[in-house]
Amino acid sequence: MAGEGIIVDNVSRIFGGLRAVDGASLKLARGETVAIVGPNGAGKSTLVQLISGVDKADSGTIHVDGVRTDRLPPDRIARLGVGRSFQTSRVFPALSVWDSVLVGVQPRLIATASGRLLDPVTESLGALLGLPFWRRRVAAQEAAAETALKLFGDRLWPRRDQPALGLSYANRRRLEIARLLAAEPRYLLLDEPSAGMNPTETEELTQLILDLRRSHPHMGILVIEHKLSLVRRIADRVVVLNQGKVLIEDTPDHALDHPEVVEAYLGRPRAGSNFQDAHHG
Amino acid sequence: MELFLSQILNGLAIGQVYALIALGFSLVFGVANIINFAQGALFMLGAFIAYSAIAWFGLPLIPAAIVSVVIVAILGLLLERIALRPLMGAPYIAPFLSTLAISTIIDQSAEIIWSPESQPFPASISSTTFFIGNAYITVTDLVIFGFGAAATIALTLFVSYTWTGRALRATAQDPAAAAQLGIRTDVMRQIAFGLAGALGALSGILVALYFQSVFPQMGIPFGLKGFAAALLGGLARIPGAVVGGLLLGIGETLASAYVGDSYRDAIAFSLLLLMLLVRPNGLLGGGKLNALGGSGAAAGAMPTTSLLASASSQLSATRAYYLPAWGFLVVGAAFALVPLLVSSTYVLQALIYGFIFALLAVSVSLVSGAAGILSIGHAAFFGVGAYAVAVLARPYGLSADVTLLAAVVLTALVALIAAIPLLKLSGHTAALGTLAIGQIGFLVFLNWVSVTRGPMGILNIPHPVLEVLGGLRFATTGQKYWLVLGLVVIAVVIAERYVSSPIGRTWRAIREDRLAAQASGLPVRRYILLAFAISGALAGLAGGLFAYVQQVVSPESFTVETSILILTMAVLGGLGNLSGAVLTGFALAILPEFLRGFEEWRMIIYGLLLLVALRVRPQGLLGAR
Ligand SMILES: Nc1ncnc2c1ncn2[C@@H]1O[C@H](COP(=O)(O)OP(=O)(O)O)[C@@H](O)[C@H]1O
Ligand SMILES: [Mg+2]
Numbered sequence: 001m002a003g004e005g006i007i008v009d010n011v012s013r014i015f016g017g018l019r020a021v022d023g024a025s026l027k028l029a030r031g032e033t034v035a036i037v038g039p040n041g042a043g044k045s046t047l048v049q050l051i052s053g054v055d056k057a058d059s060g061t062i063h064v065d066g067v068r069t070d071r072l073p074p075d076r077i078a079r080l081g082v083g084r085s086f087q088t089s090r091v092f093p094a095l096s097v098w099d100s101v102l103v104g105v106q107p108r109l110i111a112t113a114s115g116r117l118l119d120p121v122t123e124s125l126g127a128l129l130g131l132p133f134w135r136r137r138v139a140a141q142e143a144a145a146e147t148a149l150k151l152f153g154d155r156l157w158p159r160r161d162q163p164a165l166g167l168s169y170a171n172r173r174r175l176e177i178a179r180l181l182a183a184e185p186r187y188l189l190l191d192e193p194s195a196g197m198n199p200t201e202t203e204e205l206t207q208l209i210l211d212l213r214r215s216h217p218h219m220g221i222l223v224i225e226h227k228l229s230l231v232r233r234i235a236d237r238v239v240v241l242n243q244g245k246v247l248i249e250d251t252p253d254h255a256l257d258h259p260e261v262v263e264a265y266l267g268r269p270r271a272g273s274n275f276q277d278a279h280h281g
Numbered sequence: 001m002e003l004f005l006s007q008i009l010n011g012l013a014i015g016q017v018y019a020l021i022a023l024g025f026s027l028v029f030g031v032a033n034i035i036n037f038a039q040g041a042l043f044m045l046g047a048f049i050a051y052s053a054i055a056w057f058g059l060p061l062i063p064a065a066i067v068s069v070v071i072v073a074i075l076g077l078l079l080e081r082i083a084l085r086p087l088m089g090a091p092y093i094a095p096f097l098s099t100l101a102i103s104t105i106i107d108q109s110a111e112i113i114w115s116p117e118s119q120p121f122p123a124s125i126s127s128t129t130f131f132i133g134n135a136y137i138t139v140t141d142l143v144i145f146g147f148g149a150a151a152t153i154a155l156t157l158f159v160s161y162t163w164t165g166r167a168l169r170a171t172a173q174d175p176a177a178a179a180q181l182g183i184r185t186d187v188m189r190q191i192a193f194g195l196a197g198a199l200g201a202l203s204g205i206l207v208a209l210y211f212q213s214v215f216p217q218m219g220i221p222f223g224l225k226g227f228a229a230a231l232l233g234g235l236a237r238i239p240g241a242v243v244g245g246l247l248l249g250i251g252e253t254l255a256s257a258y259v260g261d262s263y264r265d266a267i268a269f270s271l272l273l274l275m276l277l278v279r280p281n282g283l284l285g286g287g288k289l290n291a292l293g294g295s296g297a298a299a300g301a302m303p304t305t306s307l308l309a310s311a312s313s314q315l316s317a318t319r320a321y322y323l324p325a326w327g328f329l330v331v332g333a334a335f336a337l338v339p340l341l342v343s344s345t346y347v348l349q350a351l352i353y354g355f356i357f358a359l360l361a362v363s364v365s366l367v368s369g370a371a372g373i374l375s376i377g378h379a380a381f382f383g384v385g386a387y388a389v390a391v392l393a394r395p396y397g398l399s400a401d402v403t404l405l406a407a408v409v410l411t412a413l414v415a416l417i418a419a420i421p422l423l424k425l426s427g428h429t430a431a432l433g434t435l436a437i438g439q440i441g442f443l444v445f446l447n448w449v450s451v452t453r454g455p456m457g458i459l460n461i462p463h464p465v466l467e468v469l470g471g472l473r474f475a476t477t478g479q480k481y482w483l484v485l486g487l488v489v490i491a492v493v494i495a496e497r498y499v500s501s502p503i504g505r506t507w508r509a510i511r512e513d514r515l516a517a518q519a520s521g522l523p524v525r526r527y528i529l530l531a532f533a534i535s536g537a538l539a540g541l542a543g544g545l546f547a548y549v550q551q552v553v554s555p556e557s558f559t560v561e562t563s564i565l566i567l568t569m570a571v572l573g574g575l576g577n578l579s580g581a582v583l584t585g586f587a588l589a590i591l592p593e594f595l596r597g598f599e600e601w602r603m604i605i606y607g608l609l610l611l612v613a614l615r616v617r618p619q620g621l622l623g624a625r
């Protein structure tokens, strides 16, 4: 299966007897933003685990830009240009904000032109002796890290020397996203990026994603999101997942107002369109 | 065939004992989520208290055994109370190190009380032999197997049918939920430790009966085997521990019958490493040992694999003080003046050992602090370096440039290979893996007589000659002082450059959250292997210099005590902080010079220092990085 984009084909993941993801298929093209919605336990996070290689599918295939990835380790998939955040955001607690973002660019620091990695000896010599080729690379990656941090205005940049563990919940999420963006991914997978954020912070995040769409017109964005108002504003397409299966895949307005979705998502039928956000626990 | 069957029966008996030790680990791990390093020490105490009750107080075997089991059970309770409870909320590494310190203190005290020598156990069971078909089995084996099995069944019944037992299981499954049901989880922790003590004592007595001897150093190898058995069985389950123990017992007995008895333990520990390599979650599964630290996330804590973080995630924010790489050059230059001012070979000799241990502490700090894999096996790497120099310099008469380079390269390679089984592990499990590596190293030094000359060691290592410096010979202590100082400073500068480079940052990221690091595109294994190779190179250089300074290399320099000592130095300095490691490595190595006449108290003092430091300054003297 050649071609650009992330292509998930008929993928299943079974935990014990539970079919967390059950024959799901979906496609994320470069330049588009897709939202995955669905009730808790629908298998949304598991799907991201499978795409990013953190967990392995029991059946089905996943391709990233024509490369089959469902058997690859997570670091290889990340180096293909897939950046993902975690539902419980994972920062490096003892590392400073600045160091954390630099960790995100480390794979590019040691990448060669052919897409492979520098051998450890060259890497060691570069780092120990501060060779010119190495210094040029470091400068380029530090610039990328700085740009990524400054995307968040004065939320992160002034705190760049603080350890990540001292950050607020929302800032940890921002830091995680900054780390991903610093690596300039082709695809960005965000697992509930607005969870735990207040309305102002959610609005900031929405703006950030809209800005990203403009500034990175070739990046594909996949967002798992419960806040439907956010979904309506950012997504080109919505994939509704329920009990591990893709229920509907359509434009936001069609998908979110579909009676079956309203019922599956809210647990009861609702008259009229709903602009309200779903609750989640 | 008869031999084979007899060996299997024999293996079942000792395997049942391993199962009992394993159950001690499993209980504590299940209830308190801690790997109790002191389980081996409790085991050893059980054997010795029974020994004393019989030999000193003339008790018969059974009452002696009961006294011993009761006393050690109480000690188990105390262990929880003194060494672990105060560390609630401390970094994840603290409880493990605390049990390590206690274990060191107990082992060394036992050497003082009962002498370090092996003693015959003053009671035995009939040595009558039975035949089952063509295979034979002794009554001792039968009794041991019977007792072990009975204890296992009693324990199973206890946790299945009594209220306390069910409360234990509930606490193991979900402490928060258990607490809500009104179960006092702190009491459950104590009970688990008490039971672990009782099981340890019982197994110690059975082993004493099996081998007919007791010795203070028996705790660590048997503790490690018990841990291997527990791990084989999935770590947190009773049936798993039993199956693991029996398999280990049979495997080891067969191996010692067909390969040679001196390799018995080496084979057991190799099995453990193989196991860690292929099935880190045990033969029977059990998902608790996730190297990726995923389980913390469910509890709402910040996900991390860091040994330095704590459940409350507050501690690692403390400040670290460290020298830049060039700072070590300045310090080194200052020390270079010492031989001009001091002519005492005694003082210079002490300082030389200080430098060598500073380098060793740096080596451990790099792999344990920066990359996050606690090493209790570095004495093996130290030894590989020392033997490399000894063998190449003595029989082959090569110059020091060649021998030291060979020591560095060979040890880096050995460390790299040794790290492979550890790649899937983190935290306490990885630490026990390194312990197994250390034990294997020691056993190889001891038993590979054709190369290492066994317990005698290699004597009369010539003075180092550096061909690159025009055949410069370092014959006097003052000259060796400069050689050691110079090479140690260069090595530490390189290590510091690594730690403060992007590579060091990557190591720390891997330490902090291995999963996030890998999902960020970092080749995690490669970086861990690199950390081990560099750490190994540093330890190898330390070993090589040690060989030239001592002029004698023998296995006793590379015991687990040495490993624990180096780790203690690294922890006290602040893990990952090389300046701290240099400081404490140097200071603790020259400390014994002030303790003349109290040598046997040395390890006890180190143990106490570690214990106190974990309470008052777990981040180390200069702060972990
Ligand atoms: N590692 C795991 N082991 C067992 N069950 C899991 C695991 N991960 C997820 N599940 C289960 O799979 C289902 C889907 O989970 P998840 O993908 O997290 O849902 P969502 O993100 O849509 O809320 C849930 O029932 C969850 O309990
Ligand atoms: Mg989810």
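Chains A and B, in that order, give the protein sequences.
In this text, residue positions in the first sequence follow UniProt numbering: the first is 1, and each later residue adds one.
In this text, residue positions in the second sequence follow UniProt numbering: the first is 1, and each later residue adds one.
Glycine residues also receive a C-beta, built at the ideal position from the N, C-alpha and C atoms.
Any Cβ of chain B within less than 8 Å of the Cβ of residue i?
| i | result |
| --- | --- |
| residue 107(A) | yes |
| residue 184(A) | no |
| residue 193(A) | no |
| residue 78(A) | yes |
| residue 282(A) | Nothing about residue 282(A) can be read from this structure; chain A reaches only from 1 to 281. |
| residue 45(A) | no |
Take residue i as the anchor and find which of the options has the nearest alpha-carbon.
| i | options | result |
| --- | --- | --- |
| residue 606(B) | 374(B), 140(B), 365(B) and 571(B) | 571(B) |
| residue 129(A) | 63(B), 493(B), 373(B) and 29(B) | 493(B) |
| residue 74(B) | 613(B), 46(B) and 565(B) | 46(B) |
| residue 414(B) | 397(B), 444(B) and 183(B) | 444(B) |
| residue 430(B) | 231(B), 599(B) and 14(B) | 231(B) |
What number of angstroms, rounded off, separates the C-alpha of residue i from the C-alpha of residue j?
| i | j | result |
| --- | --- | --- |
| residue 279(B) | residue 523(B) | 21 Å |
| residue 618(B) | residue 416(B) | 29 Å |
| residue 208(A) | residue 231(A) | 13 Å |
| residue 226(B) | residue 420(B) | 22 Å |
| residue 117(A) | residue 75(A) | 12 Å |
| residue 262(A) | residue 242(A) | 12 Å |
| residue 70(B) | residue 407(B) | 49 Å |
| residue 401(B) | residue 410(B) | 14 Å |
| residue 9(B) | residue 84(B) | 39 Å |
| residue 187(B) | residue 29(B) | 15 Å |
| residue 250(B) | residue 40(B) | 21 Å |
| residue 108(A) | residue 228(A) | 35 Å |
Are the Cβ atoms of residue i and residue j separated by less than 8 Å?
| i | j | result |
| --- | --- | --- |
| residue 17(B) | residue 206(B) | yes |
| residue 362(B) | residue 198(B) | no |
| residue 157(B) | residue 191(B) | no |
| residue 386(B) | residue 442(B) | no |
| residue 585(B) | residue 603(B) | no |
| residue 252(A) | residue 219(A) | no |
| residue 97(A) | residue 173(A) | no |
| residue 239(A) | residue 34(A) | yes |
Would you verify that the beta carbon of residue i is, or is not, closer than 8 Å to some beta carbon of chain A?
| i | result |
| --- | --- |
| residue 12(B) | no |
| residue 506(B) | yes |
| residue 321(B) | no |
| residue 497(B) | yes |
| residue 237(B) | no |
Applying a beta-carbon distance threshold of less than 8 Å, which residues of chain A neighbour residue i?
| i | result |
| --- | --- |
| residue 501(B) | 127 and 128 |
So which residues on chain A does residue i lean against when the C-beta distance must stay under 7 Å?
| i | result |
| --- | --- |
| residue 512(B) | 92, 93, 94 and 95 |
Which bits of chain B does residue i rub up against, with CB to CB less than 7 Å?
| i | result |
| --- | --- |
| residue 253(A) | Within chain B, no residue comes near residue 253(A); the closest Cβ sits about 33 Å away, beyond 7 Å. |
For residue i, go through chain A and note every residue whose CB falls closer than 9 Å to its CB, in chain order.
| i | result |
| --- | --- |
| residue 166(B) | Simply none; closest approach about 24 Å. |
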